[in-house]
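These notes concern the structure reproduced below.
In full-length UniProt numbering, the protein residues as written are 1 to 464.
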């Protein structure tokens, strides 16, 4: 298929004109050359014959022969003129052929750039919007085959109208030319994508068409949403730092007086109510503690430590939690080097991950804690035998206050994320029908001189 740029929409007319002129020039040249060749060959004989005939028949006096010379000279001049015309026509035809060759080369370059472009591109008829040509990137982005696209109308591929905020102005709507208009499309698989579309009017085989160039900004929009989530998380952390301590102090006082009142004999019938109030205060204090953990930007008490030693020290407490639900905990700890860790924070990290895993399993389930080395990293893995995490929950996992538990605060995994980031580590999740594994990767060598929460604070998900 030939491609014609906008400024060359008259080229088909020129090509036809050039073809006609070329044929006429060839015929004219052949006639001129033939006539000139015949005349030059018999000119002397004709002149001699004329002179002899006039003298022999006495019809013309020899004195009149000089009057024939101007006629001969005119024949000669006409012959030279015919030769010049033939030469000029040959030059003109050569120029036109060079122009055609240049146009063919330009079209080939355009076609190559169109099909090799890393962005989706397509050409549609301006009248009915049917697809005339698409590049491979367009097919990959939409999931369609070429024969499913060519000849189809634009609306059939769910290319919605531009939103009001990004619609072309009146002038652009009339000319059909616009730049960077945001539009939503639906791929063959049903996935919604956001495209930034630019359009140009071109002439293709004598008819006007639209040339569309697309930039897929779906991932950019997703990142913007994640940044907004991180901003909200940062706001929660700032609020926790501001009011957390002020709330805990009066709560400690109230808890102390409740314990004193509950110990009095005359209030023994109400001891159950006092215990309930104390439990609720402890729960509120736990939430505030998690708030304060979100507000921290640096690791406390950072030093080289053995991760396995911290896990072994926690094992009795973890076993006690597991035995309450008739579950077990297995340790599979490999040889690992000492790395920089904050002991209190790592204890909190392991405790949160293990308790989440225990709550995901039924009675008789086994939770495994593994450690080992991989690619210059110490890897901590907590695997449960639950039913896995649904895609809908995965999308919101780690969002503050999001929880699937009746008594949960929705801050446990958010705290884990912050602890991981402060240690410049990475957390990922592998989940499926056979259970869920939380993986935390601690690098061997870390520079904590500029450690903060500015690093990546998101999960990486993998379905099993």
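Positions of the beta carbon are idealized from the N, C-alpha and C atoms, including for glycine. If you're wondering where the values come from, they're calculated on a predicted model, not measured in any experiment.
Where the alpha helix (DSSP H) containing residue i begins and where it ends
i: residue 312; result: 307-324
i: residue 352; result: 343-360
i: residue 384; result: Element bounds for residue 384: n/a, residue is neither H nor E.
i: residue 139; result: 136-142
i: residue 422; result: 412-422
Cβ of residue i within 8 angstroms of any chain C Cβ
i: residue 273; result: Within the model displayed, chain C is absent; a lone protein chain is all it includes.
Alpha-carbon to alpha-carbon, residue j and residue i
i: residue 164; j: residue 205; result: Here residue 164 scores only 39 on pLDDT, less than 50, and its place in the model should not be relied on; the value that follows carries that caveat. Cα to Cα, residue 164 sits roughly 34 angstroms from residue 205.
i: residue 388; j: residue 127; result: 52 angstroms
i: residue 177; j: residue 213; result: 11 angstroms
i: residue 351; j: residue 218; result: 37 angstroms
i: residue 93; j: residue 100; result: 11 angstroms
i: residue 323; j: residue 137; result: 56 angstroms
i: residue 263; j: residue 274; result: 9 angstroms
i: residue 343; j: residue 223; result: 33 angstroms
i: residue 428; j: residue 413; result: 12 angstroms
i: residue 308; j: residue 331; result: 10 angstroms
i: residue 169; j: residue 181; result: Low confidence applies to residue 169: its pLDDT is 49, below 50, so where it sits in the model is not reliable, and the reading given next is rough at best. Cα-Cα distance, rounded: 11 angstroms.
i: residue 106; j: residue 199; result: 21 angstroms
i: residue 286; j: residue 250; result: 15 angstroms
i: residue 393; j: residue 366; result: 23 angstroms
i: residue 361; j: residue 135; result: 50 angstroms
i: residue 225; j: residue 304; result: 37 angstroms
i: residue 104; j: residue 85; result: 29 angstroms
i: residue 437; j: residue 386; result: 10 angstroms
i: residue 90; j: residue 77; result: 20 angstroms
i: residue 220; j: residue 359; result: 36 angstroms
i: residue 102; j: residue 115; result: 20 angstroms
i: residue 187; j: residue 255; result: 59 angstroms
i: residue 132; j: residue 125; result: 7 angstroms
i: residue 117; j: residue 340; result: 48 angstroms
Whole-angstrom C-beta distance between residue j and residue i, which should lie under 8 angstroms
i: residue 153; j: residue 130; result: 5 angstroms
i: residue 267; j: residue 261; result: 6 angstroms
i: residue 347; j: residue 310; result: 6 angstroms
i: residue 210; j: residue 150; result: 15 angstroms between Cβ atoms; not a contact.
i: residue 265; j: residue 326; result: 39 angstroms between Cβ atoms; not a contact.
i: residue 183; j: residue 197; result: 5 angstroms
i: residue 345; j: residue 419; result: 5 angstroms
First through last residue of the beta strand (DSSP E) which encompasses residue i
i: residue 148; result: Segment 146-149 is the alpha helix (DSSP H) holding residue 148; no beta strand (DSSP E) there.
i: residue 366; result: 366-373
i: residue 491; result: This structure cannot speak to residue 491, because the chain is shown only from 1 to 464.
i: residue 434; result: Careful: residue 434 lies outside any beta strand (DSSP E) and carries neither H nor E.
i: residue 425; result: From DSSP, residue 425 is part of no beta strand (DSSP E); its letter is neither H nor E.
i: residue 333; result: 328-333
i: residue 126; result: Segment: none, residue 126 is in no beta strand (DSSP E) and carries neither H nor E.
Check whether the stretch 438-446 touches the stretch 363-378, counting contact only when three or more Cβ pairs, one atom from each stretch, lie closer than 8 angstroms. yes
On the three-pair Cβ rule with 8 angstroms, is the stretch 272-283 touching the stretch 302-321? no
Kindly provide the ranges of any beta strand (DSSP E) runs that are 3 or more residues long and lie completely inside the stretch 195-282, ordered along the chain. 207-216
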